[in-house]
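Peer 1:
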Amino acid sequence: MEPVSLLVGAALLAAGFLGGRISRRKPTPPAAAAPLCGCGHTLSQHDTETNTCYAELRRDTYDKRGRWSGHQWVPCTCRQYVGPRPIDEVFVPRLLPPTGD
Ligand SMILES: [Zn+2]
Ligand SMILES: [Zn+2]
126 MEPVSLLVGA ALLAAGFLGG RISRRKPTPP AAAAPLCGCG HTLSQHDTET NTCYAELRRD
186 TYDKRGRWSG HQWVPCTCRQ YVGPRPIDEV FVPRLLPPTG D
């Protein structure tokens, strides 16, 4: 067999191999996004000491005749973050000794 046809065959094999690899590559899972609490807000929107959520929700408001009159921002009713937490967040001590004195 000629060396050239060997090279061509090898190149075709490599192309097929790479093509198969690419087509089998899984799409990025959406779970890689920021962890969310059950209320739909992220951990950073929850108070680290009280665990309550301080994000605000936009609510439609209506006048006495039932007509839409605008928006009102109301605090989220969440009282505790229930979503996944990074492990570092749990074990990092909150109270650090004063520095600079
Ligand atoms: Zn919330
Ligand atoms: Zn929450």
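Following the numbering used here, the numbering of the sequence shown begins with 126 at its first residue and continues without gaps.
The C-beta atom is built at its ideal place from N, Cα and C for all residues, glycine as well.
None of the values given here were measured: they were computed from a predicted structure.
Does the beta carbon of Gly-208 fall short of 8 Å from some heavy atom of ligand 1?
Peer 2: Residue 208 sits at position 83 when you count from the first residue of the sequence shown. Checking every heavy atom of ligand 1 against the Cβ of Gly-208, none is found closer than 8 Å.
Peer 1: Measuring from each Cβ to the nearest heavy atom of ligand 1, keep the ones under 5 Å and list them in chain order.
Peer 2: Cys-164, His-166, Cys-178, Ala-180, Cys-201, Cys-203
Peer 1: Say whether the segment 170-189 touches the segment 200-214, bearing in mind that this needs 3 or more beta-carbon pairs closer than 8 Å, one atom from each stretch.
Peer 2: yes
Peer 1: Quick check on this structure: which residue in Ser-130, Pro-222, Gly-208 has the alpha carbon closest to the alpha carbon of Gln-170?
Peer 2: Within the sequence shown, numbered from 1, the residue matching residue 170 stands at position 45. The candidate whose alpha carbon is nearest that of Gln-170 is Gly-208.
Peer 1: Would Leu-182 and Tyr-206 be called neighbours here (beta carbons separated by less than 9 Å)?
Peer 2: Locating residue 182 in the sequence shown gives position 57, counting from the first residue. Locating residue 206 in the sequence shown gives position 81, counting from the first residue. Taking 9 Å as the Cβ cut-off, Leu-182 and Tyr-206 do not qualify as a contacting pair.
Peer 1: Using the DSSP secondary-structure output, state which residues sit across from Asp-229 in a beta bridge.
Peer 2: Absent from the structure is residue 229, since the part of the chain shown begins at 126 and ends at 226.
Peer 1: Buried or exposed for His-166, please, with buried defined as at least 16 other CB atoms from any protein chain shown within 10 angstroms of its CB.
Peer 2: As a working note, residue 166 is residue 41 in the sequence shown. Within a 10 Å sphere around the beta-carbon of His-166 sit 16 or more other beta-carbons, which makes this residue buried.
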